[in-house]
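J.: My questions will all concern the structure given below.
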Amino acid sequence: MAKDNLVLLVEDDSDTREVMALLLDAAGYQVLSARDAKTGLKLIDEQPDIDVIVTDVNIGGGQDGISMAEEIRRRGSHAAVVVISGDPEASSERLGPTATFLPKPYDRKALLAAIADARAKNARACAVADDGNPPPYPGLSH
Numbered sequence: 001m002a003k004d005n006l007v008l009l010v011e012d013d014s015d016t017r018e019v020m021a022l023l024l025d026a027a028g029y030q031v032l033s034a035r036d037a038k039t040g041l042k043l044i045d046e047q048p049d050i051d052v053i054v055t056d057v058n059i060g061g062g063q064d065g066i067s068m069a070e071e072i073r074r075r076g077s078h079a080a081v082v083v084i085s086g087d088p089e090a091s092s093e094r095l096g097p098t099a100t101f102l103p104k105p106y107d108r109k110a111l112l113a114a115i116a117d118a119r120a121k122n123a124r125a126c127a128v129a130d131d132g133n134p135p136p137y138p139g140l141s142h
């Protein structure tokens, strides 16, 4: 699978996960879906070339979506991150400036814009790190 269009989608609601996967597929992304953090971590281990992680904050598997994304970063992934929640206050402190927050409710256009934004932020952070500098951001940084 091509790295530049592979998305890991982590959403515990099966109907929402299915609709999101269809939207992303129609937009040209290849989608790996997970119902919880444990499955998401397993998929990232099996497919390290994932380009974008799209996760709800409230997922099962012993972790929330932000903690799962932080764990994925610790494992060496440089994937862009989109975090979705109905509570904008709950996650904003933990995201750091390289992740993109997408508030619920959202539509197809907002989802695709959030992915584009996360990829742009991630590319800037990776460019800084590739120059030999330490990552410029705490939390979900490069």
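Going letter by letter, the sequence shown gives residues 1 to 142 in full-length UniProt numbering. C-beta atoms are modelled at their ideal positions from N, C-alpha and C, and glycine is treated no differently.
#1: If you follow the beta strand (DSSP E) that Val10 is in, where does it begin and where does it stop?
#2: Nearest by alpha-carbon distance to Asn122: which of Ala113, Ala99, Leu111 and Lys109 is it?
#3: Under a Cβ-count criterion, where at least 16 other Cβ atoms within 10 Å of its own Cβ denotes burial, should Gly86 be classed as buried or exposed?
#4: Out of Ala125, Arg124 and Ala118, which one is the CA nearest neighbour of Val54?
#5: For Asp56, I'd like the list of residues in its chain whose CB is within less than 6 Å of its CB, leaving aside the five on either flank, ordered along the chain.
#6: Is Asp36 helix, strand or coil by DSSP?
#7: Less than 8 Å between C-beta atoms, sequence neighbours within five positions excluded: which residues of the same chain meet that for Ile50?
#8: Exposed or buried, which one is Leu41 when buried takes at least 16 other CB atoms within 10 Å?
#9: Just the Cα atoms here: how many angstroms apart are Arg124 and Glu46?
#10: Mind checking Glu18: buried by the 16 CB within 10 Å criterion, or exposed?
#11: If you follow the alpha helix (DSSP H) that Asp25 is part of, which residue opens it and which one closes it?
#12: What's the C-alpha gap between Leu111 and Gly96?
#13: Mind checking Arg73: buried by the 16 CB within 10 Å criterion, or exposed?
T.: Here's the rundown:
#1: Boundaries of the beta strand (DSSP E) harbouring Val10: Leu6 to Val10, taken from the DSSP string.
#2: Measuring from the Cα of Asn122, the nearest candidate turns out to be Ala99.
#3: exposed
#4: Ala118
#5: Glu11, Gly65 and Ile84
#6: Correct three-state label for Asp36: strand.
#7: Lys3, Leu6, Val7, Leu8, Leu32, Leu43, Ile44, Ser77 and Ala79
#8: buried
#9: 26 Å
#10: exposed
#11: Ser14 to Ala26
#12: 19 Å
#13: buried
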